[in-house]
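Right, one structure below, let's go through it.
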Amino acid sequence: MKKIVMVIATALLLLFQVRAEGPFRAGDKASDFSLKSVKGEMVSLSDMENAKGFIVVFTSNVCPVAKKYEQRVIDLHKEFGAKGYPVVAINSNDPGVNPGDSFEEMKKVASDKDYAFTYLRDESQTVAKLYGATNTPHVYVLSKKGENLKVEYVGAIDNNADDAAKANKAYVSDAVNSLLKGDNVMVTSTKAIGCSIKWKSL
Amino acid sequence: MKSGKILISVSLLFAFFIAHEASGQKIEYIKVPDLEKILNNQENKLLVVNLWATWCAPCVKELPAFEKVAGEYEESKVRFIMLSLDFPSQIESQLKPFLKKNNITLDVSVMMDTDYNSWIDKVDPQWQGNIPSTLIVNNEKKSRYFHSGEIDEPELRSLLNKYL
């Protein structure tokens with residue numbers, strides 16, 4: 003009996019280890035990373051000690067869908083940053099394909115638009131690949147327990163890219179509000195039309 | 010005066026339709042049930058659905074390849090649908106001028122249902138919503154292929170030959 007329990011425990015452990023390698027889906031353990039912010043410093047999620055979780059947004063300066071959502075990302079940080087769920091935006095696009103997504107352009111956009119959230123450059127694209135991000139914008143809501151990060155939601159910000167006023171499902175806000183109340187997230191995964199992340203050719 | 014204005018409007022409208030027909034370009038505005046009908050059609054034809062938008066640079070880049078390859082196959086054998094995901098608010102300002110300027114002759118359908126999460130999986134569960142993407146369906150042979158990302162002319166041709 004003890005042996006069987008051990009085997010099951012080992013199998014579960016292995017399973018979790020495999021799952022921690024991404025692409026991340028809701029329920030998975032997520033990994034921290036260290037990326038350069040537009041302010042020039044290296045930032046990890048673990049640096050934000052007071053956070054209860056994070057709204058990680060893979061985005062772009064130039065993707066029209068990401069631009070449609072830019073103000074909504076700013077607003078998410080305004081609403082949830084102080085409550086313990088700051089926005090952490092990541093730009094993983096190859097500036098060779100999208101010159102407007104270069105580190106210099108990121109700095110410019112962040113300063114022009116007064117980004118209050120952390121904006122990070124994923125130069126090697128490893129974080130996008132690890133998380134399994136494919137589009138911009140592509141959101142991962144993470145919760146933090148001790149040192150552990152858990153993926154609570156993956157997908158779109160809401161259900162109307164064209165017009166925020168016409169959206170009637172606020173996926174990310176709903177997810178974070180549930181977490182703040184200590185409830186389970188109801189909708190844990192959605193899909194939306196977006197620009198492909200521009201990968202570097204190998 | 011008023012009736013004169015109406016007459017002018019009506020004639021303009023007719024002129025528009027005639028011009029529209031003459032260019033051979035057909036735009037259809039579709040919703041989810043129409044999309045399902047298209048995908049499940051039992052016509053004896055290969056269906057190629059390209060998912061694109063005028064705001065998507067790589068989509069625009071691959072359009073000429075679709076125009077060219079479509080011209081190489083009989084319409085009775087292959088049906089091309091360029092499924093535009095342009096925002097409904099930009100159909101008049103972006104999509105229509107774009108089609109005219111670039112002399113697009115392929116059939117264009119515009120998806121009017123913007124609650125993307127409700128239908129992306131109906132196109133293909135593999136699709137993450139990124140564009141361009143292309144779906145090739147042969148309902149007669151019950152085969153389908155989903156391609157995420159750009160596609161070039163030789164690749165498109167070889168896929169068509171494979172799934173025909």
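As given, the protein sequences belong to chains A and B, one line each in that order. Converting from the first sequence to this note's numbering requires adding 2 to each position, the first position being numbered 1. Converting from the second sequence to this note's numbering requires adding 9 to each position, the first position being numbered 1. Each residue gets a CB set at the ideal place from its N, CA and C atoms; glycine is no exception. In this text the structure is predicted, and so the values were computed from the model without any measurement.
- For chain A, the residues of the stretch 135 to 150 of chain B that bring a beta carbon within less than 9 Å of one of its beta carbons are W136, Q137, G138, N139, I140, P141 and S142, in chain order.
- Counted as a single uninterrupted DSSP element, the beta strand (DSSP E) harbouring I39/B occupies residues I36 to I39.
- Rounded to whole angstroms, I90/B and E125/A show a C-alpha spacing of 36 Å.
- Against chain B, the CB of T190/A has no partner CB under 9 Å away; the residue lies outside that interface.
- Inclusion of K35/B and D116/B in the CB contact set at 9 Å is warranted, their separation being smaller than that value.
- Taking a C-beta cut-off of 7 Å against chain B, the contacting residues of the stretch 59 to 70 of chain A are P66, listed in chain order.
- Among the CB atoms of chain A, one or more fall inside 9 Å of the CB of S98/B.
- For K54/B, the closest C-alpha among the options K110/B, P73/B, E84/B and I160/B is that of E84/B.
- Taking a beta-carbon distance threshold of 9 Å, A74/B does not count as an interface residue toward chain A.
- Along the stretch 69 to 136 of chain B, the beta strand (DSSP E) occurs as fully enclosed runs of 3 or more residues at 87 to 93 and 117 to 120, listed in sequence order.
- Between the stretch 168 to 183 of chain A and the stretch 110 to 118 of chain A, the count of C-beta pairs closer than 8 Å stays below three; the two stretches do not touch.
- Neighbourhood of G196/A in chain B, by CB distance below 7 Å: G138 and N139, in chain order.
- When L108/B, V78/B and V119/B are compared, the shortest CA-CA separation from S167/B is found for V78/B.
- Contact annotation, S191/A with K54/A: C-beta distance approximately 21 Å; criterion of less than 8 Å not satisfied.
- Residue pairing for W61/B: DSSP places it in a beta bridge opposite S93/B.
- By the neighbour-count definition (other C-beta atoms within 10 Å, threshold 16), S62/A is a buried residue.
- Here K70/A is near A163/A, since their CB atoms are less than 9 Å apart.
- Under the three-state reduction of DSSP output, G102/A falls in the helix class.
- Any Cβ of chain A closer than 9 Å to the Cβ of I90/B would place that residue at the interface, and such an atom is absent.
- DSSP, reduced to helix, strand and coil, places F35/A outside both helices and strands of the structure shown, so it counts as coil.
- For the stretch 135 to 146 of chain A, residues whose beta-carbon sits nearer than 8 Å to a beta-carbon of chain B comprise T136 and N137.
- When the beta-carbon positions are compared, K193/A and N126/B come within less than 9 Å of each other.
- Within chain B, not a single residue places a beta-carbon under 8 Å from that of K110/A; the smallest gap is close to 20 Å.
- Under the DSSP assignment, N179/A falls in the alpha helix (DSSP H) whose first and last residues are Y173 to K183.
- In summary, G138/B is buried, with 16 or more beta-carbon neighbours lying within 10 Å of its beta-carbon over all protein chains present.
- Of the residues E76/B, F96/B and K86/B, the one whose Cα lies closest to the Cα of P66/A is F96/B.
- Here the C-alpha atom of E81/B lies approximately 42 Å from the C-alpha atom of I159/A.
- Judged by DSSP in its simplified three-state form, T128/A adopts helix.
- The closest CA to that of N112/B, considering only F75/B, V119/B and W136/B, is found on F75/B.
- Taking a 10 Å sphere around the C-beta of G98/A, we find fewer than 16 other C-beta atoms and assign the residue as exposed.
- Residue contact with chain A for L104/B: absent (no Cβ-Cβ distance below 9 Å to any residue of chain A).
- Closer than 9 Å to the CB of A177/A there is not a single CB belonging to chain B.
- Of the candidates S104/A, V187/A, I195/A and Y133/A, the residue whose Cα lies closest to the Cα of N93/A is S104/A.
- By the rule that beta-carbons nearer than 9 Å mark a contact, P163/B does not touch chain A.
- When the alpha-carbon of G42/A is set against those of G86/A, K109/A and K202/A, the nearest one is in K109/A.
- Rounded to the nearest whole angstrom, the C-alpha separation of E52/B and I199/A is 36 Å.
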